[in-house]
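Worksheet: one structure, shown below.
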Ligand SMILES: C[S@@+](CC[C@H](N)C(=O)[O-])C[C@H]1O[C@@H](n2cnc3c(N)ncnc32)[C@H](O)[C@@H]1O
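Numbering (the numbering used here), first residue to last: 1489 to 1751.
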């Protein structure tokens, strides 16, 4: 899978891409990250990429011409045997659709993604209308630029690309099926007086599986009851959740009638 990243600060990507899993994924050819310096598409002597906002006000706005030229050039490039013309062109922006694990899984099915990093007060609206096909936010806060947001998207998507990590690792983790993950433990069996739950050292695979499922349900109910509304639940899951005080939305409730223990 190929990520084309359009940025005014390509140097920001060096660290995250040269360590650990992303580094290995690049070396193994599972993913490629191609950085494009938007400034290289500015045509004036000073290579200007921003200008004052029409209507006045604080800050600067990314000029349409260099960014549009950069996007068009990248879409015309041949990457991995195909051009980017059918690839999503994604702007990272705080007013975009909230980025989730579901969207990460969807994006991991594309051979190529184009990620556009904003700076200053953002991107001229006409470029968004003309060339951007999707807009994503990584959370309800404002960053100085889209680079960290693009890295978050690359990291979350890349680990779902076949071959990057063991697919068993992603099967039961948080959000994969609408539930949070169960608590994890490793050796020693007792640490500073705290013992590992006995079931985990019992050797009973069925009981371990049931404990883990219930811990996922309990943790999701306590921390993110909103997720349960869309989670894939069995009758046994629902019965267990009801013992915790959950009210089943399928029975006319919303699942939120009871305050969760952490509220
Ligand atoms: C300072 S921000 C612009 C904020 C913009 N004026 C606003 O109020 O929505 C500059 C750039 O950082 C990126 N950015 C900031 N916060 C983000 C977030 N939560 N998710 C994704 N991108 C973000 C976007 O690319 C944005 O164009």
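The C-beta atom is built at its ideal place from N, Cα and C for all residues, glycine as well.
Check: Is residue 1524 buried or exposed, if buried means 16 or more other CB atoms sit within 10 Å of its CB?
Finding: Translated into the one-based positions of the chain shown, residue 1524 becomes position 36. That one is buried.
Notebook entry, point to check: In the structure shown, what three-state DSSP assignment does residue 1558 receive?
Noted result: Counting from one through the chain shown, the residue named residue 1558 turns up at place 70. Helix, per DSSP.
Notebook entry, point to check: Buried or exposed: residue 1708, going by 16 or more other Cβ atoms within 10 Å of its Cβ?
Noted result: Locating residue 1708 in the chain shown gives position 220, where the first residue counts as 1. Buried is the call here.
Next item on the list: Starting from the N-terminal side, write out each stretch of the beta strand (DSSP E) that is 3 residues or longer and does not extend beyond the stretch 1584–1662.
Entry: 1600–1605, 1622–1625
Next item on the list: Closer than 8 Å by C-beta to residue 1466: which residues in its own chain qualify, once you throw out the five before and the five after it? Chain order, please.
Entry: Only positions 1489 to 1751 of the chain appear in the structure, and residue 1466 is not among them; the question remains open.
Note to self: Checking 8 Å against the spacing of the C-beta atoms, do residue 1667 and residue 1704 come in under that value?
What the structure shows: Looking up residue 1667 in the chain shown gives position 179. Looking up residue 1704 in the chain shown gives position 216. Their beta carbons are under 8 Å apart, which means residue 1667 touches residue 1704 by this criterion.
Notebook entry, point to check: Hey, how far is the Cα of residue 1697 from the Cα of residue 1657?
Noted result: For the purposes of this step, residue 1697 is identified with residue 209 of the chain shown, where counting begins at 1. For the purposes of this step, residue 1657 is identified with residue 169 of the chain shown, where counting begins at 1. Whole-angstrom Cα-Cα distance: 15 Å.
Checklist line | residue 1502 to residue 1573 span [Cα, whole Å] | finding: Taking the first residue of the chain shown as position 1, residue 1502 is located at position 14. Taking the first residue of the chain shown as position 1, residue 1573 is located at position 85. Taking the straight line from one Cα to the other gives about 27 Å.
Next item on the list: Tell me where the alpha helix (DSSP H) around residue 1573 begins and ends.
Entry: The count along the chain shown starts at 1 and reaches residue 1573 at position 85. Here residue 1573 belongs to no alpha helix (DSSP H), and DSSP marks it neither H nor E.
Check: What do you get for residue 1495, buried or exposed, if any count of 16 or more other CB atoms within 10 angstroms of its CB means buried?
Finding: For this step, residue 1495 is matched to residue 7 along the chain shown. Flag for residue 1495 reads buried.
Check: Using the C-alpha atoms, what's the distance from residue 1606 back to residue 1521?
Finding: In the chain shown, counting from the first residue as 1, residue 1521 sits at position 33. In the chain shown, counting from the first residue as 1, residue 1606 sits at position 118. Near 18 Å, if we compare the C-alpha coordinates of residue 1606 and residue 1521.
Checklist line | residue 1511 burial status per 10 Å Cβ neighbour count (16 or more: buried) | finding: Residue numbering aside, residue 1511 sits at position 23 when the chain shown is read from its first letter. Exposed, since its Cβ has fewer than 16 Cβ neighbours within 10 Å.
Checklist line | Residues of its chain near residue 1702, where Cβ-Cβ distance is below 7 Å and the 5 sequence neighbours each way are ignored | finding: Taking the first residue of the chain shown as position 1, residue 1702 is located at position 214. Within the same chain, residue 1702 has close Cβ partners 1728.
Margin query: Whole angstroms are fine: how far does the CA of residue 1508 sit from the CA of residue 1492?
Written below: The sequence position of residue 1492 within the chain shown is 4, counting from 1. The sequence position of residue 1508 within the chain shown is 20, counting from 1. Those two C-alpha atoms are separated by around 20 Å.
Checklist line | Boundaries of the alpha helix (DSSP H) in which residue 1510 is found, first to last residue | finding: The residue labelled residue 1510 in the question sits at position 22 within the chain shown. 1508–1515 is the span of the alpha helix (DSSP H), which, as asked, contains residue 1510.
Check: Does the stretch 1595–1614 touch the stretch 1633–1643, meaning 3 or more C-beta pairs lie closer than 8 Å?
Finding: Because the criterion of three Cβ pairs below 8 Å is met, the stretch 1633–1643 and the stretch 1595–1614 touch.
Notebook entry, point to check: Using 8 Å as the threshold, is the stretch 1670–1683 in touch with the stretch 1619–1635, meaning 3 or more CB pairs across them?
Noted result: no
Checklist line | Distance between beta carbons of residue 1554 and residue 1571, contact taken as under 8 Å | finding: One-based indexing of the chain shown puts residue 1571 at position 83. One-based indexing of the chain shown puts residue 1554 at position 66. With a Cβ gap of about 21 Å, residue 1571 and residue 1554 do not count as contacting.
Check: Any chance the CB of residue 1581 is under 7 Å from a heavy atom of ligand 1?
Finding: Within the chain shown, the letter at position 93 stands for residue 1581. True, at least one ligand heavy atom lies under 7 Å from that Cβ.
Next item on the list: Closer than 7 Å by C-beta to residue 1557: which residues in its own chain qualify, once you throw out the five before and the five after it? Chain order, please.
Entry: Indexing the chain shown from 1 puts residue 1557 at position 69. Within the same chain, residue 1557 has close Cβ partners 1529.
Notebook entry, point to check: Is residue 1558 near ligand 1, with its Cβ less than 7 Å from a heavy atom?
Noted result: Stepping through the chain shown from its first residue, residue 1558 is reached at position 70. Answer for residue 1558: no, Cβ out of range of ligand 1.
Note to self: I need the straight-line Cα distance from residue 1590 to residue 1714, nearest angstrom please.
What the structure shows: Taking the chain shown and counting its residues from 1, the one referred to as residue 1590 is at position 102. Taking the chain shown and counting its residues from 1, the one referred to as residue 1714 is at position 226. When rounded, the distance between both Cα atoms is 15 Å.
Checklist line | Contact set for residue 1706: own chain, Cβ-Cβ below 7 Å, skip 5 residues either direction | finding: Taking the chain shown and counting its residues from 1, one reaches residue 1706 at position 218. 1732, listed in sequence order.
Note to self: Rounded to whole angstroms, what is the Cα-Cα separation between residue 1608 and residue 1597?
What the structure shows: As a position in the chain shown, residue 1608 is number 120, starting the count at 1. As a position in the chain shown, residue 1597 is number 109, starting the count at 1. For residue 1608 and residue 1597, the distance between alpha carbons rounds to 31 Å.
Check: Looking at the unbroken alpha helix (DSSP H) that takes in residue 1709, where does it start and where does it end?
Finding: By 1-based counting over the chain shown, the position of residue 1709 is 221. Here the alpha helix (DSSP H) through residue 1709 covers 1693–1711.
Notebook entry, point to check: Considering only the beta carbon of each residue, do residue 1620 and residue 1637 sit closer than 8 Å?
Noted result: Numbered from its first residue, the chain shown carries residue 1620 at position 132. Numbered from its first residue, the chain shown carries residue 1637 at position 149. Cβ atoms of residue 1620 and residue 1637: not closer than 8 Å.
Note to self: Any heavy atom of ligand 1 inside 7 Å of the beta-carbon of residue 1609?
What the structure shows: Your numbering for residue 1609 matches position 121 in the chain shown. Residue 1609 has its CB nearer than 7 Å to a heavy atom of ligand 1.
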